[in-house]
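Presented below is the structure to which this report refers.
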RNA sequence: GCCCCCAUCGUCUAGUGGACCAGGACGCGGCCCUUUCAAGGCCUAAACCGGGGUUCGAAUCCCCGUGGGGGCACCA
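Numbering (this note's numbering), first residue to last: 108 to 606.
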């Protein structure tokens with residue numbers, strides 16, 4: 108690998124659906140390698156197939172990349188010297204290159220109809236032969252082909268794959284891959300509507316855009332030798348080829364697909380980038396997570412920021428074997444990155460989740476809540492569950508819920524009543540002022556500290572699991588705390604009367 | 001069916017002939033801490049797919065099986 112010229116890498120998605128973590132990882136590696144080497148990162152949209160085009164897909168794609176913190180130096184939205192960056196706007200380029208190949212004998216016109224092709228395929232399948240073009244038009248003379256084309260007969264341009272010899276395609280992670288040319292089909296390069304297929308468009312663009320390293324899915328491995336042949340036919344230099352392993356479903360059975368993706372609105376795990384955001388994951392955590400599925404730095408470090416990754420990323424450390432996705436590891440990384448946030452930053456990230464839950468968030472109060480929940484949440488949406496009560500006007504535990512563990516309603520009522528008068532006698536309700544007296548009270552009553560705090564926790568927060576009780580009381584406010592405990596005492600006494 | 005790729009704990013992985021009775025992380029289990037829940041600390045269980053070679057020596061190299069994955073479109 109000569110470093111004479113700066114590296115240029117591209118991410119070339121096709122806007123045919125929602126963008127998922129698999130392509131996000133490819134984009135991440137592209138980005139990391141470009142930044143690591145001081146090269147350029149190019150975004151190219153491969154939208155030659157109008158039938159599969161999905162409106163809005165490009166927008167969601169760009170939104171997702173931005174959310175992850177990826178930026179590119181050239182692309183459809185930012186321009187650049189090698190544009191246009193949408194293949195649908197580069198039509199003439201592909202036509203000219205395809206014709207050039209025909210002129211030089213590396214490709215030919217094929218007039219076979221889709222129907223005939225389908226029939227040929229069917230017969231081959233019946234005879235259990237590999238499905239491929241039978242070569243009917245390969246033998247057409249140049250003059251004959253010209254004549255039929257001029258007569259208006261529709262045609263495609265096919266690559267004239269050598270019938271003899273072998274092709275060696277070199278992948279950075281796998282080394283040389285040798286295949287018999289006889290097993291490589293005469294692939295269509297230019298469709299009858301004059302638009303190119305990937306095998307032509309990507310090769311032409313990578314060359315014209317000066318791409319030095321191609322990172323792409325290993326799904327391209329089967330046609331890899333074809334691509335090497337096409338580039339050779341043009342007389343161009345091969346880029347460094349790197350085929351990234353695919354992601355497998357969480358069970359490891361089959362590659363990850365929409366089939367394995369749930370609806371985040373139902374609390375299910377999704378594979379789509381923008382769903383990950385909705386599920387309460389931090390982009391920092393997602394980046395850390397996908398970076399480590401197929402790449403490792405050494406035998407120790409696992410927590411990485413984007414800056415760390417740029418500093419340490421190396422193509423040679425990529426692994427060629429497929430990886431099963433593991434959401435519990437994402438949860439782990441998310442917890443780590445949440446804890447690495449400043450309280451101010453955490454507050455900012457939390458706001459949309461409370462709003463989404465229909466709660467009126469007071470930013471000042473949320474900022475005070477943030478440190479209390481920072482080490483208790485693994486995803487941002489969990490904050491609503493554990494700290495939503497701070498933003499509700501009241502809580503409404505039932506008498507049954509208020510009864511302390513292992514205590515009767517009467518004992519619980521007495522405990523709350525005594526705690527209330529204790530708290531009323533305090534100049535302020537803070538951990539420093541209230542904790543010891545409450546502990547002493549539990550001791551006097553012969554109950555566990557946990558039992559007393561448990562009842563008060565339900566009384567004040569309305570839930571059995573909450574941030575630390577006394578700290579929470581400070582934020583809820585003295586008057587409201589006293590009121591809630593008063594109501595709890597009433598409820599417990601009513602219940603004690605029934606029992 | 002044909003072609004291609006891959007193969008270390010359940011999962012993600014470190015490991016490029018001796019430093020490996022195989023290391024880390026997630027998850028699991030236990031202990032400590034503790035007002036709940038977490039976080040944190042400590043500890044346990046858990047793997048080199050099988051068979052042949054090569055070598056003084058193989059997780060590491062070669063071959064054959066097996067298993068897994070991917071691909072066989074006028075999609076990308």
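Glycine included, every Cβ here is placed at the ideal spot set by N, Cα and C.
Opening and closing residue of the beta strand (DSSP E) in which residue i lies
i	result
residue 343	Note, residue 343: premise wrong, no beta strand (DSSP E); not H, not E.
residue 215	214–217
residue 149	147–150
Alpha carbon of residue i to alpha carbon of residue j, nearest angstrom
i	j	result
residue 289	residue 216	20 Å
residue 521	residue 599	9 Å
residue 638	residue 186	Since the first residue shown for the chain is 108 and the last is 606, residue 638 is missing from the structure and cannot be characterised.
residue 506	residue 427	60 Å
residue 614	residue 357	Only positions 108 to 606 of the chain appear in the structure, and residue 614 is not among them; the question remains open.
residue 554	residue 538	20 Å
residue 347	residue 404	21 Å
residue 338	residue 361	32 Å
residue 205	residue 332	18 Å
residue 114	residue 424	18 Å
residue 221	residue 302	16 Å
residue 308	residue 441	39 Å
residue 607	residue 497	Nothing about residue 607 can be read from this structure; the chain reaches only from 108 to 606.
residue 519	residue 374	36 Å
residue 399	residue 557	41 Å
residue 475	residue 533	22 Å
residue 466	residue 527	29 Å
residue 116	residue 345	13 Å
residue 447	residue 319	36 Å
residue 524	residue 491	30 Å
residue 388	residue 287	47 Å
residue 416	residue 408	11 Å
residue 560	residue 397	42 Å
residue 402	residue 176	19 Å
residue 594	residue 431	52 Å
residue 226	residue 153	30 Å
residue 112	residue 145	11 Å
residue 451	residue 473	10 Å
residue 192	residue 395	29 Å
residue 163	residue 211	40 Å
residue 487	residue 575	19 Å
One or two residues paired with residue i in a DSSP bridge
i	result
residue 283	277
residue 298	Answer by DSSP bridge pairing: none, since residue 298 is not bridged.
residue 349	322
residue 362	355
residue 118	150
residue 181	149
residue 402	425
residue 113	DSSP output for residue 113 lists no bridge partner at all.
residue 127	379
residue 186	182
residue 193	152
Spatial neighbours of residue i in its chain, beta-carbon cut-off 6 Å, leaving aside the 5 residues before and after
i	result
residue 504	565, 569
residue 419	404
residue 109	Low per-residue confidence applies at residue 109: pLDDT is 44, beneath 50, and the placement is therefore not dependable enough to give any value.
residue 136	322
residue 180	147, 148
residue 544	529
residue 132	397
Run of the alpha helix (DSSP H) containing residue i, from where it starts to where it stops
i	result
residue 266	Element bounds for residue 266: not the alpha helix (DSSP H) but the beta strand (DSSP E), 263–266.
residue 607	This structure leaves residue 607 out entirely; the chain is present only between 108 and 606.
residue 381	380–385
residue 305	305–315
residue 544	538–552
residue 578	576–583
residue 207	198–210
residue 568	556–568
residue 367	Here residue 367 belongs to no alpha helix (DSSP H), and DSSP marks it neither H nor E.
residue 174	164–175
residue 493	489–494
residue 521	516–531
residue 507	506–509
Cut-off 7 Å between Cβ atoms - residues of its own chain near residue i, not counting five sequence neighbours on either side
i	result
residue 378	127, 128, 363, 367, 368
residue 263	217, 295, 297, 298, 299
residue 541	530, 533, 577
residue 335	274, 276, 345
Sequence-distant residues of its chain with Cβ nearer than 8 Å to residue i (five each side left out)
i	result
residue 174	380, 381, 384, 390
residue 232	238
Query raised in the report: Which residue spans inside the stretch 406–455 form an unbroken beta strand (DSSP E) run of at least 3?
Result: With a minimum length of 3 residues, no continuous beta strand (DSSP E) run stays inside the stretch 406–455.
Requested in this report: Could I get the ranges of all uninterrupted alpha helix (DSSP H) runs contained in the stretch 225–254, with 4 residues as the minimum, in chain order?
Outcome: Runs of the alpha helix (DSSP H) spanning 4 or more residues and lying entirely within the stretch 225–254 do not occur at all.
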